[in-house]
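**Q** Below: one structure in structure tokens.
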Amino acid sequence: MRILIIGGTGHIGTYLVPRLILAGHEVSIVARNSRPQYVEPDRIWNRVQWIAADRRAEEKAGTWSKRMAAIEADVVIDLLAFTSEENHLMVEAFRGRIDHFLHIGSIWAYGPTRQAPYEEHFARRPTTGYGIGKAQIESDLLTACRRDGFPATIVHPGHISGRYWLPIDPQGSRDGVGIYEKLARGDTVHLPDQGLAMLHHVHSDDIAQIIQRSIDNPKASVGESFSAVADYALSLLGCCHYVASFFGRKPKLSFVPLDELRTVVGDASFEIIESHVCHSPCSSNAKARRLLGFASRYTTEEIYAESIEYLLETGELAI
């Protein structure tokens, strides 16, 4: 099939593009830069048909819809839509002339966890601008599918992870290698409250697997949303214990009330930690397993191990 990917050079595309090409599909990517961000182009990536374009600039200029309307594809995968308006342009450009449209959303569309594990049919209660945008796109696509037969599938990833970049760290932040260095050396790591807030990571190859299985099984996937997450979530406490054990240590932890944590970690880290604590995501991937035959390849522990090994290999993490 002719598959068009909007984005495709970053976290998800690193794993998705090779999967699709090796499965025999013709893959075109619309992106600003005609090369993958995290890997060197090889014989697989050299088979990609590149379309150089700046989506945001063309949307602003009013030329994006014309570009999309000129592209012939059987399947469209949109990795880069964040608002209902952006998604609407895509739906109108491809309505009635593609077999499948896949939008990559986020578990932030679900909002803070009230029931765990969260299932796709539970109510959406997003609280952030990002989550609200993703939830609205999902609602728009499912409505278009029901009313007009627009062949939409939505995939909601957890914390997107992979070998070549740092996952959300065991403190619930993005503090570079700082938390990993502290856990490796036995230095103190400060956790909010009792460290029981949850993180739900997913490896990008598992996201790619769900996308590929959705394409291969349109009867099961069209009109559906799927959570793309590891088989189980881990608490911040659990993440700290695992990463420390990777270095043969037990974590040295200090528990700080969330409303006092800002003074310890600083404003930037606190905002990220607070969002993760308030959401405390814990979702189920049972629907993808049941309808698509999905089988997760990576646990959160394996995600951390792969990333840490890469950091050690490249010298980014020195202990």
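Offset between the sequence shown (1-based) and the working numbering: plus 14. Cβ atoms here follow ideal geometry from the backbone N, Cα and C, with glycine treated the same way.
Quick check on the DSSP output: what are the complete alpha helix (DSSP H) runs of length 4 or more inside the segment 250–275, in order along the chain?
**A** 250–260
**Q** Taking the beta carbon of GLN185 as the centre, do at least 16 other beta carbons fall within 10 Å, making it buried, or is it exposed?
**A** Taking the sequence shown and counting its residues from 1, one reaches residue 185 at position 171. Classification for GLN185: buried.
**Q** Please go through the same chain and pick out, in chain order, the residues whose beta-carbon is closer than 6 Å to the beta-carbon of THR23, but skip the five residues on each side of it.
**A** For the purposes of this step, residue 23 is identified with residue 9 of the sequence shown, where counting begins at 1. Taken in chain order, the residues that qualify are ALA45, PRO50, GLN51.
**Q** Given the structure, does SER42 come close to the ligand MG, in the sense that its CB is under 7 Å from one of the ligand's heavy atoms?
**A** With respect to small molecules bound, the structure shown includes none, and the ligand MG cannot be examined in it.
**Q** Following the continuous beta strand (DSSP E) through PRO206, name the residue where it begins and the one where it ends.
**A** On the sequence shown, residue 206 is found 192 positions in, with the first residue counted as 1. Where PRO206 is concerned, the enclosing beta strand (DSSP E) stretches over 202–206.
**Q** Please report the Cβ distance between ARG16 and GLU40, rounded to the nearest whole angstrom; I am assuming they are in contact, meaning their Cβ atoms lie under 8 Å.
**A** In the sequence shown, the residue the question calls residue 16 occupies position 2. In the sequence shown, the residue the question calls residue 40 occupies position 26. Contact check for ARG16 and GLU40: beta-carbon distance about 5 Å, within the 8 Å limit, so the pair qualifies.
**Q** Taking three-plus beta-carbon pairs below 8 Å as touching, is the segment 290–309 in contact with the segment 130–138?
**A** yes
**Q** Can you pull the DSSP bridge partners for ASP92?
**A** Counting from 1 along the sequence shown, the entry for residue 92 is found at position 78. Answer is ILE20, HIS117.
**Q** In whole angstroms, give me the CA-to-CA distance for PRO181 and ILE19.
**A** Numbered from its first residue, the sequence shown carries residue 181 at position 167. Numbered from its first residue, the sequence shown carries residue 19 at position 5. Straight-line spacing of the CA atoms in PRO181 and ILE19 works out to 24 Å.
**Q** Check the C-beta distance from GLY125 over to ARG138 and give it rounded, since I have them as a contact under 8 Å.
**A** Reading the sequence shown from its first residue, position 111 is the one you call residue 125. Reading the sequence shown from its first residue, position 124 is the one you call residue 138. That pair is a contact at about 6 Å.
**Q** Using CA coordinates, which residue listed in ILE333, ILE35, GLY145, ALA71 is at the minimum distance from ASN60?
**A** Along the sequence shown, read from residue 1 onward, the residue named residue 60 stands at position 46. Ranking ILE333, ILE35, GLY145, ALA71 by Cα distance to ASN60 puts ILE35 first.
**Q** Could you check which residue in ARG227, GLN223, VAL105, CYS254 has the C-alpha nearest to that of TYR312?
**A** Here residue 312 is taken as the residue at index 298 of the sequence shown, counted from 1. Checking every option, the nearest Cα to that of TYR312 belongs to GLN223.
**Q** Considering only C-alpha positions, which residue in the set ASN231, GLY76, SER241 is nearest to PRO171?
**A** Residue mapping note: residue 171 aligns to position 157 of the sequence shown, counting from 1. Residue SER241 is the option with its Cα nearest to PRO171.
**Q** Note down the Cα distance separating ILE43 from GLN226, rounded to an integer number of angstroms.
**A** The residue you call residue 43 lines up with position 29 of the sequence shown. The residue you call residue 226 lines up with position 212 of the sequence shown. Rounded to whole angstroms, ILE43 and GLN226 show a C-alpha spacing of 16 Å.
**Q** Output the boundary residues of the alpha helix (DSSP H) element that contains PRO232.
**A** Position 218 of the sequence shown, counted from the first residue, corresponds to residue 232. Per DSSP, PRO232 belongs to the alpha helix (DSSP H) from 232–235.
**Q** Within this structure, are the beta carbons of SER120 and TYR144 separated by less than 8 Å?
**A** For this step, residue 120 is matched to residue 106 along the sequence shown. For this step, residue 144 is matched to residue 130 along the sequence shown. Their beta carbons are under 8 Å apart, which means SER120 touches TYR144 by this criterion.
**Q** As a quick exercise: from VAL169, ALA83, TRP179, SER79, pick the residue whose alpha carbon is nearest that of GLU323.
**A** In the sequence shown, residue 323 corresponds to position 309, counting from 1. Check the Cα spacing between GLU323 and each of VAL169, ALA83, TRP179, SER79: the tightest is with TRP179.
**Q** So for SER187, helix, strand or coil by DSSP?
**A** Here the question's residue 187 lines up with position 173 in the sequence shown. In the three-state reduction of the DSSP assignment, SER187 falls in the coil class, being assigned neither a helical nor a strand state.
**Q** Hey, could you find the ends of the alpha helix (DSSP H) PHE108 is sitting in?
**A** The residue labelled residue 108 in the question sits at position 94 within the sequence shown. Element bounds for PHE108: 98–108.
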